[in-house]
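When you line the sequence shown up against this note's numbering, it's residues 4 to 77, in that order.
Backbone N, C-alpha and C define an ideal beta-carbon position, used for all residues, glycine too.
These figures come from a predicted structure and were not determined experimentally.
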Amino acid sequence: MSKDGYLPPGVEDSDLPGNTPEDVEWEKMVDAIQDTADELFRAAVDALSASRHFTVDRWYRDRLLCDALGIKEP
Numbered sequence: 004m005s006k007d008g009y010l011p012p013g014v015e016d017s018d019l020p021g022n023t024p025e026d027v028e029w030e031k032m033v034d035a036i037q038d039t040a041d042e043l044f045r046a047a048v049d050a051l052s053a054s055r056h057f058t059v060d061r062w063y064r065d066r067l068l069c070d071a072l073g074i075k076e077p
């Protein structure tokens, strides 16, 4: 429902971006894999930190991994 309590004729709440059945399904899927994804990211951080070839600080390490994995920076 819009801020004033009305939607255009024929428009339902589920038609709005973020409220579609696909959006709800996507959120459930992301929630289901979030813990595993966090563990994998932590493992990648640990592996990169342990590398003798990695000589920059934690700030660069985190950004490098986020960029490589295509995820939002922490």
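CB of residue 66 within 9 Å of CB of residue 52, strictly
For residue 66 and residue 52, no; Cβs fall outside 9 Å.
What separation, rounded to the nearest whole angstrom, lies between the Cα atoms of residue 49 and residue 17?
Taking the straight line from one Cα to the other gives about 42 Å.
Closest by C-alpha distance to residue 21, when choosing among 14, 30, 13:
It is 30.
Go to residue 42, then tell me how far its alpha helix (DSSP H) extends in each direction, as first and last residue.
Where residue 42 is concerned, the enclosing alpha helix (DSSP H) stretches over 24–53.
Straight-line CA distance for residue 25 to residue 63?
If you draw a straight line from the Cα of residue 25 to the Cα of residue 63, it comes to about 35 Å.
If you draw a straight line from the alpha carbon of residue 54 to that of residue 47, how long is it in whole angstroms?
Distance between the alpha carbons of residue 54 and residue 47 is about 11 Å.
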